[in-house]
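Undergrad: Number 20 in the numbering used here belongs to position 6 of the sequence shown; there are no gaps in the numbering.
All C-beta atoms in this analysis are idealised placements derived from N, C-alpha and C, irrespective of residue type, glycine included.
Okay, handing you the structure first.
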Amino acid sequence: MVVPDKPLPGRPWVWRAEFFGAFAGADVALVRAGWHLVHLVTPDLLGSPKAITKWEAFHTVLVKDHGLHPKPGLIGLSRGGLYCLSWAAAHPDKTLAVYLDNAVCDFKSWPGGALKKLGASKGSEAEWKKLLAAYDFESDAEAIEYKSNPVDNLAPIAKAKIPLLLVYGDKDTVVPHTENSERVYDRYKALGGPVERVVKPGQDHHPHGLKDVVPVVKFFATALGSRTDTNSTGFETLGAWRKLCIHKGLRPALGGMNRPVPV
C-alpha cells in the first residue's frame with residue numbers, strides 16, 4: 015500500500031491488478047492527488063474465481079480494518095484487465111471505476127490466440143496452461159465454453175453504470191485491440207455502460223500508459239465526484255518518488271495469502 019501525504023476525504027484508493035510499479039505515471043499522479051494505491055500479489059491466477067476470492071479477503075481487510083473507501087478504482091494493465099473485469103462483474107457494488115490499458119479482456123485472445131486457433135495473437139502455451147490450472151478447466155474446450163470470460167460478462171458492470179476508460183494502441187500484436195479493448199468498448203457501449211477511450215495510433219503493446227496522465231486522474235476523480243490536483247507528473251517510478259509504505263497490520267489478517275511487497 016502506498017499512502018498519500020494528504021488523503022482525500024473518504025480515503026479513496028486505486029487497486030493495481032498486475033505489474034505494480036511498471037509504467038507508474040498515473041499511479042504516482044493519483045497518490046499525489048490524495049489516493050491510496052494498493053496491490054495484492056496473485057500471480058498466475060489470471061482473474062479466475064480463485065483470484066477474486068483472494069481479492070475479496072483483501073478488500074475486507076482494507077475497508078473494515080483500515081477505513082478505505084468501499085469502492086476502489088481499478089487499474090488493469092495487460093493481463094491485469096482479466097482481474098479488473100472479473101472483480102467488477104462479481105462485485106459491481108464494490109467498484110468505483112475501471113481503467114484498462116492495452117488490457118487482456120478475452121483469455122481466448124491471449125493466452126489462447128493463434129496457438130489455440132482462437133485469435134490473432136501469437137498466444138502462449140505456458141500461460142495457457144496456467145489459465146487452465148487457475149480456473150480448474152479440465153480441457154481447452156471447457157475454457158472456450160466458459161460463460162464468465164470477462165469479455166462475455168460485461169452486463170453486470172454496465173447495469174451498475176460503472177465507468178470504463180480504455181487506453182490502447184491500434185497496432186498491438188500481443189493483445190490485439192480488436193479482440194480485447196475495442197470489443198469491450200463496442201459491447202459496453204451497446205449495453206448502455208459509460209465508456210470512453212484513448213486510442214494510440216501506431217502503438218504496439220508497449221509502452222503502456224499515457225505521456226500526460228491527467229486524463230486518468232480526472233477519470234477517477236469524476237467517478238468519485240471529487241476535485242483533485244491534476245498537475246502533470248511524467249513517468250516517474252514509485253521507488254524514486256517516495257517511500258513505499260506497507261501496513262504491517264495487514265499481514266496477520268491476510269494469513270497465508272500473498273502480501274503487498276515493495277517495488
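#1: Can you round the beta-carbon distance between V112 and I176 to whole angstroms, since I take them to be within the 8 angstroms contact cut?
#2: If you follow the beta strand (DSSP E) that V28 is in, where does it begin and where does it stop?
#3: For D115, name the three-state secondary structure that DSSP assigns.
#4: What does DSSP give as the partner residue(s) for H53 in the beta ladder?
#5: Classify G248: buried if its beta carbon has 16 or more other beta carbons within 10 angstroms, exposed otherwise.
#6: Rounding to the nearest angstrom, what Cα-Cα distance links D186 and L114 in this structure?
#7: Once the 5 residues before and after R93 are set aside, which same chain residues still bring their CB inside 7 angstroms of it?
#8: Is L179 close to chain D? Criterion is C-beta to C-beta, closer than 7 angstroms.
#9: When the Cα atoms are used, what is the spatial distance from H222 to V75?
#10: Can you check DSSP and say which residues form a bridge with K214?
#11: What residues in its chain sit with their C-beta under 6 angstroms from that of V28, if we drop five residues either side in the sequence?
#12: Out of F121, A174, K232, L146, state which residue places its alpha-carbon closest to the alpha-carbon of G206.
#13: So, R25 versus L82, is the Cβ gap smaller than 7 angstroms?
#14: Once you ignore the five residues that flank A103 on each side, which residues in its own chain have a CB closer than 6 angstroms to its CB?
#15: What is the DSSP secondary structure of G95, reduced to helix, strand or coil?
#16: Could you pull out every residue in the same chain whose Cβ sits closer than 7 angstroms to the Cβ of D19, ignoring the five residues on either side in sequence?
#17: Does DSSP classify L145 as helix, strand or coil?
TA: On the basis of the coordinates in this document:
#1: The count along the sequence shown starts at 1 and reaches residue 112 at position 98. The count along the sequence shown starts at 1 and reaches residue 176 at position 162. Yes, they are in contact, since the Cβ atoms of V112 and I176 sit about 6 angstroms apart, within 8 angstroms.
#2: What you label residue 28 is simply residue 14 of the sequence shown in a count that begins at 1. Taken as a continuous stretch (DSSP letters only), the beta strand (DSSP E) holding V28 covers 27-30.
#3: Along the sequence shown, read from residue 1 onward, the residue named residue 115 stands at position 101. DSSP places D115 in strand when its eight states are reduced to three.
#4: Translated into positions along the sequence shown, residue 53 becomes position 39. Bridge partners of H53: none, in fact.
#5: Counting from 1 along the sequence shown, the entry for residue 248 is found at position 234. Because G248 sits at a pLDDT of 33, beneath the cut-off of 50, its placement in the model cannot be relied upon, and the following sentence gives the value as read from the coordinates. Exposed, since its Cβ has fewer than 16 Cβ neighbours within 10 Å.
#6: Here the question's residue 186 lines up with position 172 in the sequence shown. Here the question's residue 114 lines up with position 100 in the sequence shown. When rounded, the distance between both Cα atoms is 14 angstroms.
#7: Within the sequence shown, the letter at position 79 stands for residue 93. Contacts found: E32, L60, V118.
#8: In summary, chain D is missing from the structure at hand, where a single protein chain is found.
#9: By 1-based counting over the sequence shown, the position of residue 222 is 208. By 1-based counting over the sequence shown, the position of residue 75 is 61. Each residue's alpha carbon lies about 30 angstroms from the other.
#10: By one-based count along the sequence shown, residue 214 stands at place 200. For K214, which the question treats as bridged, DSSP gives the partners G183.
#11: Working through the sequence shown from its first residue, we reach residue 28 at position 14. Once the five neighbours on either side are set aside, the close Cβ partners of V28 are L44, W49, L51, G87, I89.
#12: The residue you call residue 206 lines up with position 192 of the sequence shown. It is A174 whose Cα lies nearest to the Cα of G206.
#13: On the sequence shown, residue 25 is found 11 positions in, with the first residue counted as 1. On the sequence shown, residue 82 is found 68 positions in, with the first residue counted as 1. The answer is yes: Cβ separation under 7 angstroms.
#14: As a position in the sequence shown, residue 103 is number 89, starting the count at 1. Contacts found: N167, P170, I171.
#15: Translated into the one-based positions of the sequence shown, residue 95 becomes position 81. Helix.
#16: Here residue 19 corresponds to residue number 5 of the sequence shown, with the count starting at 1. None.
#17: What you label residue 145 is simply residue 131 of the sequence shown in a count that begins at 1. Correct three-state label for L145: helix.
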